[in-house]
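Trainee:
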């Protein structure tokens, strides 16, 4: 501030000025922002949630700035987009989600000897801890498509920009048609099996049973004693997973299937915990051959920390609670 401005403020404070805020000024009083117009704007919005500020101003014959003030400041409205969900669940689907989650929580109670699922165990940071036979024996798995060229998402491509920096441009890139189907089975300790579907084949019951054979051998090598204790397998309700041939294979070897409600990727650890970070890691990468892509997949899984897998499995408890 200039010296004269400092003297001026000192003079005002010496005369009893209490604050630094602007004092009320004389002028034309507001006539548009009143209770009547506020009520009329509220009624219009409630009748048509998609009505624009300009349309409201034309209909009520008041300035757009006034409508904007009423809508945002007085009424507290804000315009949002509807939340996208992959499937509209019926009441039966919702009831099934609740019933299965309750049964699984009751099983955790029995394994822990706890009468209240809210005290199953909470670790550092508020994460639920699963110290029971169910999670010790649990193996989860699912399939996902992986492209040789995966475009980088808009969020991942964000950079810091100074006001004087030039505007950056990002051109739209399509995912490559060349892709491979990856089947991943993992538990709280890490990946047990990464199976790649050969070109020209499709996932059916016979192919899935063949993958389970390889999974059984991988469990024998990487998780000694788990086959003897009994494997608990968690997968979704895809046709190859629920086919009679698959059910016969599971019964033959005594593997238990963890109940899974239909259309519930939020209760499948591969969907909500594993595949998202994998796709973000591959974003912006381009591979010449499938072997290069498969090698990158194996390296990424091998470099993941054990805590990453433990958190993914343990988070099932909090999701069942929810």
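Numbering (this note's numbering), first residue to last: 1216 to 1537. Even for Gly, the Cβ is constructed at its ideal location relative to N, Cα and C. Since the structure is predicted, the reported quantities are computational estimates derived from the model, not experimental observations.
(1) Would residue 1460 and residue 1420 qualify as a contact pair, given that the criterion is a beta-carbon distance under 8 Å?
(2) Comparing alpha-carbon positions, which option in 1408, 1447, 1269 lies nearest residue 1428?
(3) Anyone know if the C-beta pair for residue 1426 and residue 1383 falls short of 8 Å?
(4) Sort out for me which residues DSSP pairs residue 1405 with in a bridge.
(5) Does the pairing of the segment 1501-1514 with the segment 1360-1367 give three or more beta-carbon distances under 8 Å?
(6) Would you mind working out which of 1218, 1401, 1312, 1430 sits nearest residue 1159, comparing C-alpha positions?
(7) Considering only the beta carbon of each residue, do residue 1476 and residue 1311 sit closer than 8 Å?
(8) Looking at C-alpha atoms only, which residue of 1252, 1406, 1219, 1376 is the closest neighbour of residue 1520?
(9) Determine the closest residue to residue 1527 out of 1514, 1501, 1489, with distance taken between C-alpha atoms.
(10) In the DSSP assignment, find the unbroken beta strand (DSSP E) run with residue 1478 in it and report its ends.
(11) Taking buried to mean at least 16 other C-beta atoms within 10 Å of its own C-beta, is residue 1227 buried or exposed?
(12) Shortest alpha-carbon distance to residue 1296 belongs to which of 1265, 1290, 1273, 1286?
(13) Kindly indicate which three-state DSSP category residue 1282 falls into: helix, strand or coil?
(14) Could you give the distance in angstroms between the alpha-carbon of residue 1343 and the alpha-carbon of residue 1529?
Mentor: So, from the data block:
(1) For this step, residue 1460 is matched to residue 245 along the chain shown. For this step, residue 1420 is matched to residue 205 along the chain shown. Yes.
(2) Numbered from its first residue, the chain shown carries residue 1428 at position 213. Comparing Cα positions, the closest option is 1408.
(3) One-based indexing of the chain shown puts residue 1426 at position 211. One-based indexing of the chain shown puts residue 1383 at position 168. It is not a contact, given that the beta carbons lie outside the stated cut-off.
(4) As a working note, residue 1405 is residue 190 in the chain shown. Beta-bridge pairing links residue 1405 to 1402.
(5) yes
(6) With the chain represented from 1216 up to 1537, any question about residue 1159 goes unanswered, as that position is not in the structure.
(7) On the chain shown, residue 1476 is found 261 positions in, with the first residue counted as 1. On the chain shown, residue 1311 is found 96 positions in, with the first residue counted as 1. For residue 1476 and residue 1311, yes; Cβs fall inside 8 Å.
(8) Within the chain shown, numbered from 1, the residue matching residue 1520 stands at position 305. Checking every option, the nearest Cα to that of residue 1520 belongs to 1406.
(9) For the purposes of this step, residue 1527 is taken as the residue at position 312 of the chain shown. If we check each option's Cα against that of residue 1527, 1489 comes out closest.
(10) By 1-based counting over the chain shown, the position of residue 1478 is 263. Residue 1478 -> no beta strand (DSSP E), and no H or E assigned at all.
(11) For the purposes of this step, residue 1227 is identified with residue 12 of the chain shown, where counting begins at 1. With fewer than 16 Cβ atoms within 10 Å of its Cβ, residue 1227 is classed as exposed.
(12) Translated into the one-based positions of the chain shown, residue 1296 becomes position 81. Of 1265, 1290, 1273, 1286, the residue nearest in Cα terms is 1265.
(13) Residue 1282 sits at position 67 when you count from the first residue of the chain shown. Three-state DSSP puts residue 1282 in a helix.
(14) Position 128 of the chain shown, counting from 1, holds the residue named residue 1343. Position 314 of the chain shown, counting from 1, holds the residue named residue 1529. Any reading at residue 1343 needs caution, since the residue's pLDDT is 42, under 50, leaving its predicted position unreliable; the model's value is listed next. Their Cα atoms are separated by approximately 6 Å.
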